[in-house]
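Written below as structure tokens is the structure these notes are about.
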Amino acid sequence: MAGYEAICTENLTRDFKNVRAVNNMNLTVPAGQIFGFLGPNGAGKTTTIHLLLGLLEPTNGTAKVLGYDTRRVAAKIREQTGVLLEHTGLYERLTAEDNLEFYGRVWGLTPAERQARSKELLSQLGLWDRRKEVVGKWSKGMKQKLAIARAIFHRPTLLFLDEPTSGLDPVSASQLHQDLLDLVKREGTTIFLTTHNLTEAEHLCQQVAVIRQGVVLAQGSPAELRANRGKPQAEIEGSNFSGRLLVALEERPEVAGVTLQDDRMVLDLRGSGVSLAPLVRLIVENGGQIEEVRRASRSLEDVFLDLVKQN
484 MAGYEAICTE NLTRDFKNVR AVNNMNLTVP AGQIFGFLGP NGAGKTTTIH LLLGLLEPTN
544 GTAKVLGYDT RRVAAKIREQ TGVLLEHTGL YERLTAEDNL EFYGRVWGLT PAERQARSKE
604 LLSQLGLWDR RKEVVGKWSK GMKQKLAIAR AIFHRPTLLF LDEPTSGLDP VSASQLHQDL
664 LDLVKREGTT IFLTTHNLTE AEHLCQQVAV IRQGVVLAQG SPAELRANRG KPQAEIEGSN
724 FSGRLLVALE ERPEVAGVTL QDDRMVLDLR GSGVSLAPLV RLIVENGGQI EEVRRASRSL
784 EDVFLDLVKQ N
């Protein structure tokens, strides 16, 4: 399924009375990948998903999902998408098997198709031996796995997930990460993932977009965002970092800023190719004691926070 755009928006806009929830959004989501949609609360993420599913009409602009215009053929889009947003959609008084049987009927699968798909998914997610148990007695991690099985039961081309690992313990979250990666590899599903966990996004997503107040601030691979938006830094562990030393470092043309945190000094550099040798020599000449020097690798979370603060 890879090689085309699963989602493409042009100047997509949605107003609610005096609030512009989505503002001239231009978004491209490649097929067959996990795409991270990142932003603080109230950034417009949920509204965007509702627009992409055709549940809301845009005020201006267009959105095409799986090649379909959301204004004209929203029903076609929903036939080919799976959705797991705030609620699992599970019936907790039913068994895992009966939950999937119910949703298989909703999607119009034959009895043979329902039985085969249920066994396939429950086995792949490690739930087959628990299929006869009532879901209400399960852990949150197990329920979340079953909810994903429910969302992909009809083999959707595109899957929308909203904070799928929220509230899960680290082991359950890690297992779910692997399940999602396996799903993309096995079935070619495109996953549109919203998350506040930037480490999760960096691990799972080939492409991400950062959104704030309905505006896309940046889009690209995590590595591209780190390279294009990240400031080169050096971290120096040691002692005797005097005020005179900090002033001397700030006066250097290759240094954009200096931050001192206990026994750790962080230098913002004006380029990734800056040599650290002259700076180390300056520190020693001004009485600084150095234990370790390293170039800092900025995380996606650092870039995200910078983008949100700047805008």
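The sequence shown begins at 484 in my numbering and counts up by one.
All residues carry an ideal CB built from backbone N, CA and C; glycine is no exception.
Bear in mind that the values here come from a model prediction, so they are computed numbers and not experimental data.
Which residues does DSSP pair with residue i in a beta bridge?
i: Leu-568; result: Note: Leu-568 sits in no beta bridge, so no partner.
i: Gly-519; result: Leu-676 and Val-691
i: Gly-703; result: Val-691
i: Asp-498; result: Arg-503
i: Gln-744; result: Arg-747
i: Ile-560; result: Note: Ile-560 sits in no beta bridge, so no partner.
In terms of alpha-carbon separation, which member of the options lies closest to residue i?
i: Ala-701; options: Lys-620, Leu-510, Leu-651 and Glu-493; result: Leu-510
i: Lys-559; options: Tyr-551, Ala-489 and Gly-671; result: Tyr-551
i: Thr-545; options: Asn-507, Leu-567 and His-686; result: Asn-507
i: Gln-627; options: Pro-647, Pro-639 and His-637; result: Pro-647
To the nearest whole angstrom, what separates the beta carbons of residue i and residue j, a pair I think is in contact under 8 Å?
i: Arg-503; j: Gly-697; result: 6 Å
i: Ser-782; j: Leu-681; result: 7 Å
i: Arg-561; j: Gly-619; result: Wrong, their Cβ atoms sit about 28 Å apart, outside the cutoff.
i: Ile-694; j: Gly-522; result: 4 Å
i: Leu-790; j: Arg-727; result: At roughly 35 Å, the Cβ-Cβ gap does not stay under 8 Å, so Leu-790 and Arg-727 are not in contact.
i: Leu-708; j: Thr-673; result: Not really, about 20 Å apart at Cβ, beyond 8 Å.
i: Phe-675; j: Phe-518; result: 5 Å
i: Leu-651; j: Gly-624; result: 5 Å
i: Ala-731; j: Leu-765; result: 6 Å
Nearest-angstrom Cα distance between residue i and residue j?
i: Thr-529; j: Asp-751; result: 36 Å
i: Met-484; j: Gln-516; result: Unreliable positioning characterises Met-484 in this predicted model, as indicated by a pLDDT of 44, which lies under 50. A coordinate reading is not provided.
i: Ser-655; j: Thr-492; result: 34 Å
i: Asp-581; j: Glu-569; result: 22 Å
i: Asp-645; j: Gly-754; result: 37 Å
i: Ser-606; j: His-686; result: 25 Å
i: Ile-532; j: Ser-657; result: 25 Å
i: Val-763; j: Ala-706; result: 28 Å
i: Ala-489; j: Leu-535; result: 11 Å
*Do the stretch 744 to 760 and the stretch 712 to 729 meet, that is, are 3 or more Cβ pairs less than 8 Å apart?*
Put simply, the stretch 744 to 760 touches the stretch 712 to 729. At least three CB pairs are less than 8 Å apart.
Practice item. Take every Cβ of the stretch 591 to 611, pair it with every Cβ of the stretch 631 to 646, and state whether three or more of those distances are shorter than 8 Å. Key: Yes, since at least three Cβ pairs between the stretch 591 to 611 and the stretch 631 to 646 fall closer than 8 Å, the two stretches touch.
Any 3 or more C-beta pairs closer than 8 Å across the stretch 721 to 731 and the stretch 765 to 779:
A contact exists between the stretch 721 to 731 and the stretch 765 to 779.
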